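Note that our numbering has the sequence shown beginning at 1485, numbered continuously upward. Every residue, glycine too, gets a C-beta built ideally from N, C-alpha and C. Small disclaimer: the values here were computed from a predicted structure and weren't measured. All remarks here apply to the structure that follows.
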Amino acid sequence: MRFYSQVIFPRLLDWSLSDPVLAKYRQELLANVTGEVLEIGFGTGLNLLYYPSGIRKITTVDVNPGMNALANKRISNSDITVEQLLL
């Protein structure tokens, strides 16, 4: 079960939530975000691309280390500082 939850599930979730239709909603939702951000359920970091340029720090909370592993790839390509907390 651990292999599925930490390896397969994060990739399936990332793939299914990468739909361009959802990208439009992410962009609209995050367009006016300011200051420091707390994102609960950061997942694989799909929202990261849509944060405005003024955001410099995001603190994330997630329960799945497999999600954090995928999110790290997006974080390394971002100018935003991300502090990942794992429950």
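query	result
At the level of alpha carbons, what is the spacing between residue 1561 and residue 1486?	28 Å
Check residue 1532 in the structure and name its three-state DSSP category.	helix
Quick check on the burial criterion: 16 or more other C-beta atoms within 10 angstroms. Buried or exposed for residue 1553?	exposed
Residue 1541 bridges to which residues according to DSSP?	1565
Within the same chain, show all residues whose beta-carbon is closer than 8 Å to that of residue 1498, passing over the 5 residues directly before and after it, in chain order.	1527, 1528, 1530, 1554
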